[in-house]
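J.:
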């Protein structure tokens, strides 16, 4: 048996690289939403009860620092690591997919 030749229209369809890129963007957005919910929904009353309030905007975080060095309201470290790792993966995979599309069209 022989395989049919690939036609030119099929060669320009999105590849698995685009799928992984979009999946990493989805993970990045999901982890950003989790950080936002933790900062502005779960700990919404933290600014009223804290003397030393610390805000971070990227990813969103609202924490209360105490004199003994403990923090309340901080995001879990694995969520922030997941956020930054998926953001970097999205940027790298998208740039690779775009470069591949440019090379294919030449």
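Residue numbers (our numbering): 267 to 372.
Note that the Cβ used here is the ideal one computed from N, Cα and C, for glycine as well.
Nothing here was measured: the structure is a model prediction, and the numbers come from that model.
1) Terminal residues of the continuous alpha helix (DSSP H) containing residue 294?
2) Are residue 326 and residue 349 closer than 8 Å when you measure CB to CB?
3) May I have a chain-ordered list of the alpha helix (DSSP H) segments no shorter than 4 residues that lie completely inside the stretch 296 to 362?
4) Cα-Cα, which of 370, 372, 321 and 361 is closest to residue 291?
5) Between the stretch 306 to 313 and the stretch 352 to 368, are three or more C-beta pairs nearer than 8 Å?
T.: Looking at the coordinates:
1) Element bounds for residue 294: 282 to 303.
2) No, the Cβ-Cβ distance between residue 326 and residue 349 is not below 8 Å.
3) Within the stretch 296 to 362, no complete alpha helix (DSSP H) run reaches 4 residues.
4) When 370, 372, 321 and 361 are compared, the shortest CA-CA separation from residue 291 is found for 361.
5) Of all C-beta pairs linking the stretch 306 to 313 to the stretch 352 to 368, fewer than three are shorter than 8 Å, placing the two stretches out of contact.
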